[in-house]
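Taking it in order: structure first as structure tokens, then the write-up.
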Amino acid sequence: MRKVLAAAALAGSIAVTGLAVAPTAQAATTTQSTAASVSSWGKFYSKNHKAYTYGKTWKQHGKVYTHWYGKESTPRKGYVWFRYYSGGSWHKFVQGWDGSYQATWSKHGIKKLYTYTCWGSPSTYCGPVHRIY
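Mapping the sequence shown onto my numbering, position 27 (from 1) lands on 33, and the numbers just tick up by one.
In structure tokens:
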């Protein structure tokens, strides 16, 4: 009789545990599918290593976001270029800074995103191009 009761108790506890775990597993799966995947990038230096940029890029609700940081410690400015493919064509823009700087930008429909860092002017001492999305 004891063996029958023990087996029934064990089977009942397994069934209750299985039911309790199932909603938790489902909630975890739902959370993961809606969360944005963040990728860090950098440090990407200018050709002469006097300026560098680094940051994070992620996609959320159809927009690609980039939060970037720029550092340089000379009397001249550092520049970061972003080139992106959106709407069937390529686009680009540049942002200059002096000292330390950070900014965030976003855009709908980006398929590819590249960056590189320059120092002194927007077209001098430019480092290599890196794909960040």
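In this text, a Cβ means the ideal position worked out from N, Cα and C, and glycines have one as well.
If you're wondering where the values come from, they're calculated on a predicted model, not measured in any experiment.
Helix, strand or coil: how does DSSP classify residue i here?
i, result
"His55", "coil"
"Lys118", "strand"
"His136", "strand"
"Tyr91", "strand"
"Thr80", "coil"
Among all the DSSP beta bridges, which residues are the ones paired with residue i?
i, result
"Lys62", "Ser46 and His73"
"Val86", "Gln101 and Thr123"
"Ser106", "Lys77"
"Ser112", "Tyr71"
With a threshold of 16 other CB atoms inside 10 Å of the CB of residue i, please say whether the residue is buried or exposed.
i, result
"Phe99", "exposed"
"Trp96", "exposed"
"Ser52", "buried"
"Gly126", "buried"
"Thr123", "buried"
"Gly133", "buried"
Please work out which residues of its chain come closer than 6 Å, Cβ to Cβ, to residue i, disregarding the five sequence neighbours upstream and downstream, and give them in chain order.
i, result
"Thr110", "His73"
"Tyr107", "Gly76"
"Pro128", "Tyr85 and Val100"
"Arg82", "Gly126"
For residue i, which residues from the same chain have a beta carbon less than 8 Å from its beta carbon, with the 5 sequence-adjacent residues on both sides left out?
i, result
"Trp64", "Ala42, Ser43, Val44, Ser45, Val70 and Tyr71"
"Trp47", "Tyr60, Gly61, Lys62, Thr63, Thr121, His136 and Ile138"
"Lys113", "Lys69, Val70, Tyr90 and Ser92"
Can you give me the Cβ contacts of residue i inside the same chain, cut-off strictly under 7 Å, excluding the 5 residues immediately before and after it?
i, result
"Thr6", "No answer is possible for residue 6: it lies beyond the span of the chain, which begins at 7 and ends at 139."
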